[in-house]
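Notes follow once the structure below has been shown.
In this note's numbering, the protein residues as written are 565 to 829.
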């Protein structure tokens, strides 16, 4: 048996179909699950809140606060909302937390499956388009209140720069030239970025701008969690450059948080 996934013996033959989710639907539909109606008020659903992405001199930085809420309750004070999609791209999630995490995992598998099947990496534009299709397929659940609206960013080797894409609940996709936010605290975070962002930011400056935007969002939006140095709760961030995607170290984020809080004090 080779390392390549074989098409099912009966049913549709997928051959070199690079879509991992199509393969799951054909061979193991119970894993994908159904989209039966779920009343948005039947059960408490944790929601991720504020995430953002911005360009800087070497690529893009994606960042998010750590709070997940369920109604007026803090469901999780240390939720991770920014993930590497593959070696050169990242995804930041906002919306129904469980649904968003599942979408991230499936998206990561999709990109890995495509690379194994075709022997080539999908272009950044292709990744952005594929994520739009996945968001569109979630639209029936979005109509029931399980909305997932991520941000996507990465380094495009074809153009030699970082790029950021944002979406709506229907799967509509747009590219942002400078910075973008989403989530319940997205508007105050974007207002902050509008004041502080400028082209050619260094990594430390870009990280400080991102942290300040999240602090501003936490001040205006109760669902967004601000940094808590005493409990070591800081935003999580991921930088994507020509060298790849890497998590920003907690100490680096803590330094940016300390600088922002000291300036305000």
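Yeah, the Cβ is synthetic: ideal placement off N, Cα and C, and Gly gets one too. Bear in mind that the values here come from a model prediction, so they are computed numbers and not experimental data.
Over the uninterrupted alpha helix (DSSP H) stretch that includes residue i, give me the two end residues.
| i | result |
| --- | --- |
| residue 819 | 814-828 |
| residue 682 | 661-682 |
| residue 692 | 688-701 |
| residue 780 | 767-784 |
| residue 756 | 750-760 |
Where do the N-terminal and C-terminal ends of the beta strand (DSSP E) with residue i fall, by residue?
| i | result |
| --- | --- |
| residue 639 | 637-640 |
| residue 804 | 800-805 |
| residue 633 | 632-634 |
| residue 624 | 623-628 |
Indicate the three-state DSSP secondary structure (helix, strand or coil) for residue i in the structure shown.
| i | result |
| --- | --- |
| residue 643 | coil |
| residue 792 | strand |
| residue 586 | helix |
| residue 591 | helix |
| residue 706 | helix |
| residue 712 | strand |
| residue 809 | strand |
| residue 649 | strand |
Using a 10 Å radius around the Cβ and a threshold of 16 neighbouring Cβ atoms, would you call residue i buried or exposed?
| i | result |
| --- | --- |
| residue 690 | exposed |
| residue 748 | buried |
| residue 727 | buried |
| residue 742 | exposed |
| residue 754 | buried |
| residue 756 | buried |
| residue 768 | exposed |
| residue 603 | Because the pLDDT of residue 603 is 45, which lies under 50, any placement of that residue in the model is unreliable, and the question is left without a value. |
| residue 636 | exposed |
| residue 632 | buried |
| residue 619 | buried |
| residue 720 | buried |
| residue 820 | buried |
| residue 762 | exposed |
May I ask you to list the residues that DSSP assigns as paired with residue i?
| i | result |
| --- | --- |
| residue 744 | 617 |
| residue 717 | 654, 728 |
| residue 737 | 731 |
Thinking C-beta only, is residue j closer than 9 Å to residue i?
| i | j | result |
| --- | --- | --- |
| residue 765 | residue 799 | no |
| residue 737 | residue 692 | yes |
| residue 804 | residue 652 | yes |
| residue 695 | residue 663 | no |
| residue 638 | residue 789 | yes |
| residue 641 | residue 795 | yes |
| residue 744 | residue 715 | yes |
| residue 699 | residue 746 | no |
| residue 624 | residue 658 | no |
| residue 822 | residue 793 | yes |
| residue 817 | residue 775 | yes |
| residue 842 | residue 825 | Nothing about residue 842 can be read from this structure; the chain reaches only from 565 to 829. |
| residue 656 | residue 718 | no |
| residue 644 | residue 797 | no |
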